[in-house]
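Taking our numbering, the leading residue of the sequence shown gets 34, the next gets one more, and so forth. One structure is given below, encoded as structure tokens.
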Amino acid sequence: MAKLTKHHFSSLIRSARPRVQPDREFMDHLAVQLQLRSQELTDRRETIAEPRHRLSRWFTFGPILSLGAVAVVLAIMVIPDWFQPHTPLIGYIQKGPFISGSSITIQELDDRLQPTGVSYQVTTNSDFGDYRLTQKLDSDYVEVIAQGYYYNEITGELSSGPLTLRAIADVSENAVVNVNVLTTLTVPRLRHIVVVDEIPVAEAKKIAE
């Protein structure tokens, strides 16, 4: 009987071990599943991150958009007033004409022809009794009160004392207000019709005149 050497013994052990070959189809299937799972996890992370990204963009651009909207609204409300043409209030103070530098008070009135507390001071520009107010009025109604010396058209001399004349006018459509004796006599009657009889100003002016 041949003697078994250590080399022979090792060869016998190796030959006795079962040879397990990996199943290639199974390995391919496993690789595909792992790839699909990896893609699924990636898509899920992107889905979760997208709302956060949108929210982040909103917090970043939201205040800017809000300020822009406010700016647009203000522009729509304010800019037309900037470009709207403004007509100054003008007129003449006459009995004969008031001399240059005569004092004129222009006070804004409410719908009942009562002073609102807003008034302006101007003077006549020349010896023709002309005046001009450049400020923009907020009320539709004004009372123009003039006080000063005037030229007597008959004698050609100045009056012996100052005279006060006044007029009430609707300046919403006509920015020319002339002041004379007739308008002065109309003022108390016009106020009475508006306040006591409660008749609108436009109709009251027709009655008073």
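From the three backbone atoms N, C-alpha and C, an ideal C-beta is built for every residue, glycine too. Being a predicted model, the structure only gives us computed values, none of them experimental.
| Are Tyr184 and Val234 close, meaning C-beta to C-beta below 8 Å? | Not in contact: Tyr184 and Val234 (Cβ atoms no closer than 8 Å).
**Asked** Quick one: Cα of Val228 to Cα of Arg145, how far?
**Response** The alpha-carbon atoms of Val228 and Arg145 are separated by roughly 6 Å.
According to DSSP, simplified to helix, strand and coil, what is Ala208? Three-state DSSP puts Ala208 in coil, outside helix and strand.
- Query: Which whole-angstrom value describes the C-beta separation of Thr156 and Ile137, a residue pair presumed to lie in contact below a C-beta threshold of 8 Å?
  - Reply: Contact flag correct, Cβ pair sits at about 6 Å.
*Coarse secondary structure for Ile178, derived from DSSP in three states*: Here DSSP, grouped into helix, strand and coil, assigns Ile178 to strand.
Worksheet item: Which residues in the same chain have their Cβ closer than 8 Å to the Cβ of Ala237, if we skip the five residues on either side of it in sequence?
Response: Shown here for Ala237: same chain residues with a beta carbon closer than 8 Å to its own, the five before and five after excluded, namely Leu223, Ile226, Val227 and Asp230 in chain order.
- Cα-Cα, which of Glu58, Thr120, Leu191 and Ser71 is closest to Glu206? For Glu206, the closest alpha carbon among the candidates Glu58, Thr120, Leu191 and Ser71 is that of Thr120.
Going by beta carbon distance, what residues of the same chain come within less than 6 Å of Ile139, once the five residues before and after it are set aside? Close CB contacts of Ile139 within its chain, under the 6 Å cut and outside five residues either way in sequence, are with Tyr153, Leu166, Val175 and Val177 (chain order).
| message | For Tyr182 and Ser133, which I take to be in contact (beta-carbon distance under 8 Å), what is that distance rounded to the nearest angstrom? | response | In this structure Tyr182 does not touch Ser133 by the C-beta definition: roughly 10 Å separates them, more than the 8 Å allowed.
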